[in-house]
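The next block holds one structure in the form of structure tokens; read it before the comments.
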Amino acid sequence: MLYIGKKFELTEYFRSVPIEQKAQLYRGIRSIMAMLVKVSKMTEIYSVRDKIFAEFTETMKQNMDLIHNLLPFATVTTKKVGFYYQERKIKLFDEGERKFRNIFLSNEIRELYFVKGITPEEIVNFFAVIQETLNYTLLDYDFNTRLWDYGITHVGTISDPDMGDPEPWQESWFKSDVKPVTAAELFSMKPQNINELSTISNEYSMMPAVDMDKFNKWAESCGKDVVVGKYLDKAVKVVLAYPDRESNKNIVGKICEYAIKNIQNGDFISGFVYINNLILLEKNITDKKNIIYQKVKEVLDRVKSEDFLNTVFEVAYGIEHSQIESFSKLLNLISEEQFETAFTKLCELDNKDVRLACLEGLAKNLKDKEVVQRFIENPDWHVVRNFLYILRFAYNPEFLPQVREVMNHAVKQIRIEAAKVLSIYDADENLEYWERAVFCPDEEVRILAVENLVKVRDMKVKSIFNEIFKPANRSKFNLTDYERYMDRILASGRNEFFDLPGSMIFSENRELRITALKSLNKLSNPSMVLMQVKRRLKSPEFLTLDKEEIDLLLGLMKGEMITPMLENLEFIFNLHGNIFNKNKYLPLKKQVFGFIMPRAAKNIAMRNWIEKGKQTGDSETRSILEGRI
Amino acid sequence: MDERRNRPEYDNSPKKWRYNFSKSLFTFWKNVKMYGDKNERITEEITFFKQVLDFFFAEKDELSILFDGIDIKVDKVRIRGQRQDDKYFEDIYDLFLSLCMSGITFKKGVRDDEILTLLAVMGKYPVGREPKIKAYERVKADLPPLDHIEIYPYDPEESGNLPIYTPEQSVRQIYCSLCRDYGDIRKMVDAAESIPLRMTERRVQDLISIVSNTKKIETIEFIMFLASNPSFKSSTESAFTVSNVIWSILVAKKLKIDMQSIKRIAVSSYFQYFSKDQEKGYSALSRMDEFNYDRIEAAVNSAYRINDFSEKALLEDRSASSGTLSGEILKVVSYFSAVTRKWPDNSFYRCPLMTRPQAVRSIVNLCTKGVFNKEIAEAFFSMSGIYPIGSIVKLFDGTPAVVVKRFKNFFEKSEILLLDKNLSVGERKVVTAENILDVPDSAGIVLPESTTVQILNTFLDEREINNEKSE
Chain Z
1 MLYIGKKFEL TEYFRSVPIE QKAQLYRGIR SIMAMLVKVS KMTEIYSVRD
51 KIFAEFTETM KQNMDLIHNL LPFATVTTKK VGFYYQERKI KLFDEGERKF
101 RNIFLSNEIR ELYFVKGITP EEIVNFFAVI QETLNYTLLD YDFNTRLWDY
151 GITHVGTISD PDMGDPEPWQ ESWFKSDVKP VTAAELFSMK PQNINELSTI
201 SNEYSMMPAV DMDKFNKWAE SCGKDVVVGK YLDKAVKVVL AYPDRESNKN
251 IVGKICEYAI KNIQNGDFIS GFVYINNLIL LEKNITDKKN IIYQKVKEVL
301 DRVKSEDFLN TVFEVAYGIE HSQIESFSKL LNLISEEQFE TAFTKLCELD
351 NKDVRLACLE GLAKNLKDKE VVQRFIENPD WHVVRNFLYI LRFAYNPEFL
401 PQVREVMNHA VKQIRIEAAK VLSIYDADEN LEYWERAVFC PDEEVRILAV
451 ENLVKVRDMK VKSIFNEIFK PANRSKFNLT DYERYMDRIL ASGRNEFFDL
501 PGSMIFSENR ELRITALKSL NKLSNPSMVL MQVKRRLKSP EFLTLDKEEI
551 DLLLGLMKGE MITPMLENLE FIFNLHGNIF NKNKYLPLKK QVFGFIMPRA
601 AKNIAMRNWI EKGKQTGDSE TRSILEGRI
Chain C
630 MDERRNRPEY DNSPKKWRYN FSKSLFTFWK NVKMYGDKNE RITEEITFFK
680 QVLDFFFAEK DELSILFDGI DIKVDKVRIR GQRQDDKYFE DIYDLFLSLC
730 MSGITFKKGV RDDEILTLLA VMGKYPVGRE PKIKAYERVK ADLPPLDHIE
780 IYPYDPEESG NLPIYTPEQS VRQIYCSLCR DYGDIRKMVD AAESIPLRMT
830 ERRVQDLISI VSNTKKIETI EFIMFLASNP SFKSSTESAF TVSNVIWSIL
880 VAKKLKIDMQ SIKRIAVSSY FQYFSKDQEK GYSALSRMDE FNYDRIEAAV
930 NSAYRINDFS EKALLEDRSA SSGTLSGEIL KVVSYFSAVT RKWPDNSFYR
980 CPLMTRPQAV RSIVNLCTKG VFNKEIAEAF FSMSGIYPIG SIVKLFDGTP
1030 AVVVKRFKNF FEKSEILLLD KNLSVGERKV VTAENILDVP DSAGIVLPES
1080 TTVQILNTFL DEREINNEKS E
């Protein structure tokens, strides 16, 4: 991608710059070339996405930076007998050197440049270019075009087509079958009428207004993938129209090849597009003896094979996020026939996002109860947990016994995962498991149990909740548990359970009362606990509650709760202490009035209640309501 | 086994004959070495060898076999791979290496005795792997002067010390190569061979680099003038194709499309019309050696292309392009390139003949009717201006001239090259478009070759002109 003008400058640059630190530069270049030779050998065995190349990339970047601190360009000359730096041969005692050098010679490359600013990503892509040009020498891969395709701007070459002695234009090149115009003919031709100019000028103003934003969006939407899609649409049509035609064998051969190569190169998105077209061909070619059909079948069988599965996982290391969906779809396809191998491989995958997405995809192909039994009993708890994750997406009541089996597994993660799986099934059918799970030592399982119990239609479940809230069982749960349980019960919208959190506002334990009130406060309409609230307001304990609890109680005064709660608070209009402590309830009254007064402006019931207080209340009440104290 | 190459459709495949040539040369040399130069085998060999040469001499004056230390090239094309039953490849390498010879050229009219003499001298020396300059010198000394054969030495240390082209020289190189290759590629397709994409890709990407990086507007004007060239070596088709390549790059660049996509669009435009048989074209591009999106895009665009550029046809079939970004760009640029060229009556292309300014107006007009994408048409128009470079115009006094700088509108000044009474290039004149007039009858005319060369030389870089003068 290096611009020819830049190449021109580079050569001039090297001719004019005296290299003071020549030895140091030579050593730097030599270490880069030695590493590239090593990399070229490694690319024959591993994909450049393999983690083995991460270290090479880092070291290479460091070496380049060292050189680029001295000179903005590192350059290597390739001759038939070796690599040279500033006319000095770079001695590389590595048998792979010759093969590596041949890449450059066969691509007619004379100079290789590493320009300052090279990024690690470019280095990895550069390794990919080496891999392609080295390992597919019989194909038409070209070093220069691959550098361009990867968008590598800091590695450039000077190759034979960039060089030569300028030759003058030759007249013979511009011969035409049309006889050249003669001077007489040209001079005799009439120009257009000058009066037409104004008409023409107007024509240009007819050009419709452009909308570049809209255009750019459209251009983006018809990128590479759309073109490939069109190519394949056409290819499938052509092939299906003439499945016996010789040229179509080649097209299908290429679709097959691209499907495999894309996947081997870690491009699962494109790979899967090709595979889908092969599936289409397999379905639509009726003659099963047809060579194209057989070829397609052979490739699809290969894709579903264990060997290919291993390849797929080799390139899946470091997979990009955008590729996950297609990778998952591909695994889904492979796992139709290789479920157990695919699953086992997935369990070994470090990348959690990829693993989970793919496990979900695999669920479709899980049909065998025996497979479930086998994996559920696996001694490695990681395997069991991953398998249970699949079961979350593989609804099949036949698998339930195996899931129930591990509800009490020794490993916490498995118990949690099993509870999650059980959650997708009918809660009534698993009531006894959820009843037990409520007292499980794992917080997550307990929550899941409550979430499922509120779905149970059988009223037996109420006794289970009663059991939870029994004072004797309080030590088994912490306050957060209770808060969550109450939240879940209240969120279920089942009134028959609401008396449970309602009754908690009378608990002897203050913290529990506060927790219950907090949960009730989260409801937009807490009217289902009105009876309990009314009782609480009238109770003698109400007068002894602390500020926070009273605030939480008053906080329930919303919607249908307002009028009955106000009625039950009228007693405070004339509430006062004894003769020795007449102002005993002044703080309580101030708190209650202080809560209601600001809201009275918007609520008529509250406004009336305040007026009533002024009229019927004692002097203390009036003083508060009139703002005197 | 029925070898593909033995089928009748491969009879005229240059690829097959290039293989035949390299093999025949080797077996011929071997037989001369083993049996001497006068016996029955040699008569057979020479008959076959001459037959191979005659295939190439039908169109060329000479044929070379070259060795660059890595590859064998016959007729400048690398012989890749080898046939299943041929084991002679390594031996040819060894032969050239040991004689330190980089190539042999056979010229039209070569005689049997010349060929025999050459092979006899070559056969005198042992074949090893170490290249030694002396080996070549010995062969050279033993050879009598041959009128129709030339041999070249091989320099094991050769590193390409030729000067690097300036951007303008590189443009010229790219333009000529793209035009020259076009005919060869069409033959390859007819001979059911794979299309060698990489050289086209390289040239196209170098051209994109130049268009993207040059800071000299003159370089772009030079490129635009080349796009206006009606014919290259009597081939309107190749000039039309390269014109499409240039315009597609300019338009895509103007639309700020990314570099990889520009390359795909430009490669597509090169291959869009290379086979008149749509199915054949699609198949040929699908017959790929390598994994390459350029080729896929080219296949798609060759499957959807327009050859009837009449307004009626365009209005009736507005979706004639592939509907992709490249397809829509190629629709505009191929329209412009096609209607501004004069095609034979029985041509594949059916289109009205227009001058360049008329063609630009027609694009604007068709754009209002929804034939062309308006953003692409606008990008094209902003590059071409109202009088595209290469337009033949006249001053009010009747002096003909060629537009050499873009006229953005009627009021801004730009430049024309006046043509004198002999159609030689005269003064470069700065005028506004108000002062020049289109010449409707000049549609499709071809300027004399000498005029074209003179105009081209006005664009060249100063360094190059000096260079040529000194030569």
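Protein chains in written order, with our numbering: chain Z, 1 to 629; chain C, 630 to 1100.
The beta-carbon is built from N, C-alpha and C at its ideal position, and this holds for glycine as well.
Could you spell out the range, first to last residue, of the alpha helix (DSSP H) harbouring Y258/Z?
-> Here residue 258/Z refers to the residue found at position 258 of the first sequence. Start and end: E246 to Q264.
Alpha-carbon to alpha-carbon, N277/Z and V1060/C | Position 431 of the second sequence, counting from 1, holds the residue named residue 1060/C. Position 277 of the first sequence, counting from 1, holds the residue named residue 277/Z. Cα to Cα, V1060/C sits roughly 59 angstroms from N277/Z.
Identify the continuous alpha helix (DSSP H) that holds E220/Z and give its terminal residues.
-> Residue numbering aside, residue 220/Z sits at position 220 when the first sequence is read from its first letter. Element bounds for E220/Z: M212 to S221.
Say the cut is 6 angstroms; is the CB of G1019/C nearer than that to a heavy atom of the ligand PLP?
-> Summarising the ligand content, the structure contains no ligands, and the ligand PLP is consequently not present.
Please decide whether K7/Z counts as near chain C, where near means a Cβ-Cβ distance under 7 angstroms.
-> Along the first sequence, one-based indexing puts residue 7/Z at 7. So yes, K7/Z belongs to the interface.
Assuming E451/Z and R488/Z form a contact by the criterion Cβ under 8 angstroms, report the distance between their Cβ atoms to the nearest whole angstrom.
-> If you number the first sequence from 1, residue 451/Z lands on position 451. If you number the first sequence from 1, residue 488/Z lands on position 488. About 5 angstroms separates the two Cβ atoms, so the contact holds.
Within-7 angstroms CB hit, E940/C to chain Z = Here residue 940/C corresponds to residue number 311 of the second sequence, with the count starting at 1. By this cut-off, E940/C is not an interface position.
State the DSSP-derived secondary structure class of P587/Z, mapped to helix, strand or coil.
-> Taking the first residue of the first sequence as 1, we reach residue 587/Z at position 587. If DSSP states are grouped into helix, strand and coil, P587/Z belongs with the helices.
Using the C-alpha atoms, what's the distance from I1065/C back to V1032/C?
-> For the purposes of this step, residue 1032/C is identified with residue 403 of the second sequence, where counting begins at 1. For the purposes of this step, residue 1065/C is identified with residue 436 of the second sequence, where counting begins at 1. Cα-Cα distance, rounded: 10 angstroms.
Would you list, in chain order, the members of the segment 240-262 of chain Z that have their beta-carbon closer than 7 angstroms to a beta-carbon of chain C?
-> Cβ contacts with chain C come from S247, N250, I251, K254, Y258 and K261.
Report yes if the C-beta distance between V929/C and S951/C is below 7 angstroms; otherwise report no.
-> Here residue 929/C refers to the residue found at position 300 when the second sequence is read from its first residue. Here residue 951/C refers to the residue found at position 322 when the second sequence is read from its first residue. Result yes, Cβ atoms of V929/C and S951/C sit closer than 7 angstroms.
Report all residues from its chain with a CB closer than 6 angstroms to the CB of W972/C; omit the five preceding and five following residues, and keep chain order.
-> For the purposes of this step, residue 972/C is identified with residue 343 of the second sequence, where counting begins at 1. So the qualifying residues of the chain are Y978.
Roughly how many angstroms separate the alpha carbons of R712/C and K645/C, rounded to a whole number?
-> Here residue 712/C refers to the residue found at position 83 when the second sequence is read from its first residue. Here residue 645/C refers to the residue found at position 16 when the second sequence is read from its first residue. Because R712/C sits at a pLDDT of 46, beneath the cut-off of 50, its placement in the model cannot be relied upon, and the following sentence gives the value as read from the coordinates. Near 11 angstroms, if we compare the C-alpha coordinates of K645/C and R712/C.
Does DSSP put Y113/Z in a helix, in a strand, or in coil?
-> Here residue 113/Z corresponds to residue number 113 of the first sequence, with the count starting at 1. Assignment of Y113/Z by DSSP, reduced to helix, strand and coil, places it in the strand class.
Would a check of beta-carbon distances place S799/C closer than 7 angstroms to chain Z?
-> The residue labelled residue 799/C in the question sits at position 170 within the second sequence. Chain Z contact via Cβ: present.
In angstroms with no decimal places, state the Cα-to-Cα distance between N69/Z and P782/C.
-> Sequence index remark: in the first sequence, residue 69/Z carries index 69 (1-based). Sequence index remark: in the second sequence, residue 782/C carries index 153 (1-based). Between N69/Z and P782/C, the C-alpha separation is close to 42 angstroms.
Quick one: list the residues of chain C neighbouring Q192/Z, beta-carbon separation under 8 angstroms, in chain order.
-> Here residue 192/Z refers to the residue found at position 192 of the first sequence. Under the 8 angstroms cutoff, chain C gives L1066, D1067, V1068 and P1069.
I103/Z (DSSP reduced to helix, strand or coil) | For the purposes of this step, residue 103/Z is taken as the residue at position 103 of the first sequence. Helix, per DSSP.
N144/Z: contacting residues in chain C (beta-carbon distance under 7 angstroms) = As a working mapping, residue 144/Z is identified with position 144 in the first sequence. Residues of chain C passing the Cβ test: R831.
Does the beta-carbon of G156/Z have 16 or more other beta-carbons within 10 angstroms, so that it is buried, or is it exposed?
-> Here the question's residue 156/Z lines up with position 156 in the first sequence. Buried, since its Cβ has 16 or more Cβ neighbours within 10 Å.
If we ignore side chains and look at the alpha-carbon of each, how far apart do K883/C and M1012/C end up?
-> Against the second sequence, residue 883/C aligns to sequence position 254. Against the second sequence, residue 1012/C aligns to sequence position 383. Answer to the nearest angstrom: the Cα atoms are 8 angstroms apart.
Residue-chain proximity (V1082/C, chain Z), Cβ-Cβ < 7 angstroms | Within the second sequence, residue 1082/C is the residue found at index 453, counting from 1. Yes - at least one Cβ of chain Z is within 7 angstroms of the one on V1082/C.
Are the C-beta of N873/C and some C-beta of chain Z separated by less than 7 angstroms?
-> Working through the second sequence from its first residue, we reach residue 873/C at position 244. Judged by the 7 angstroms Cβ criterion, N873/C is not in contact with chain Z.
Given K737/C as reference, the closest of E1004/C, F685/C, Y1016/C and P986/C once Cα atoms are compared = As a first step, residue 737/C is located in the second sequence; it is residue number 108 there, counting from the start. It is F685/C.
C-alpha gap between F187/Z and S1053/C, whole angstroms = Taking the first residue of the first sequence as position 1, residue 187/Z is located at position 187. Taking the first residue of the second sequence as position 1, residue 1053/C is located at position 424. Rounded to whole angstroms, F187/Z to S1053/C spans 13 angstroms at the Cα level.
Interface residues of chain C around C222/Z at Cβ under 7 angstroms?
-> Residue 222/Z sits at position 222 when you count from the first residue of the first sequence. T953 and L954, listed in chain order.
Report all residues from its chain with a CB closer than 7 angstroms to the CB of N921/C; omit the five preceding and five following residues, and keep chain order.
-> Translated into positions along the second sequence, residue 921/C becomes position 292. So the qualifying residues of the chain are L826.
Would you kindly work out how many angstroms separate the C-alpha atoms of K612/Z and I604/Z, rounded to a whole number?
-> Translated into the one-based positions of the first sequence, residue 612/Z becomes position 612. Translated into the one-based positions of the first sequence, residue 604/Z becomes position 604. Taking the straight line joining both Cα atoms gives about 12 angstroms.
Can you tell me which of the three DSSP states S693/C falls into?
-> The count along the second sequence starts at 1 and reaches residue 693/C at position 64. If DSSP states are grouped into helix, strand and coil, S693/C belongs with the strands.
Straight-line CA distance for E97/Z to K41/Z?
-> Position 97 of the first sequence, counted from the first residue, corresponds to residue 97/Z. Position 41 of the first sequence, counted from the first residue, corresponds to residue 41/Z. Taking the straight line from one Cα to the other gives about 9 angstroms.
Could you tell me whether the segment 766-780 of chain C touches the segment 749-756 of chain C, where touching means 3 or more Cβ pairs closer than 8 angstroms?
-> The answer is yes - the segment 749-756 of chain C touches the segment 766-780 of chain C, with three or more Cβ pairs under 8 angstroms.
Interface residues of the segment 839-850 of chain C facing chain Z [CB-CB below 8 angstroms] | I839, S841, N842 and T843
Anything in the segment 151-180 of chain Z with a Cβ closer than 9 angstroms to a Cβ of chain C? List those residues in chain order, please.
-> G151, I158, S159, D160, P161, D162, M163, G164, D165, P166, E167, P168, W169, Q170, E171, S172, W173, F174, K175, S176, D177, V178, K179 and P180
What does C996/C reach in chain Z if we use C-beta pairs closer than 8 angstroms?
-> Residue 996/C sits at position 367 when you count from the first residue of the second sequence. Within 8 angstroms Cβ-Cβ: M207 and P208.
When the cut-off is 7 angstroms and only beta carbons count, does I1074/C lie next to chain Z?
-> Residue 1074/C sits at position 445 when you count from the first residue of the second sequence. Yes, I1074/C lies at the interface with chain Z (some Cβ there is under 7 angstroms from its Cβ).
Hey, how far is the Cα of S31/Z from the Cα of C729/C?
-> Here residue 31/Z is taken as the residue at index 31 of the first sequence, counted from 1. Here residue 729/C is taken as the residue at index 100 of the second sequence, counted from 1. Their Cα atoms are separated by approximately 32 angstroms.
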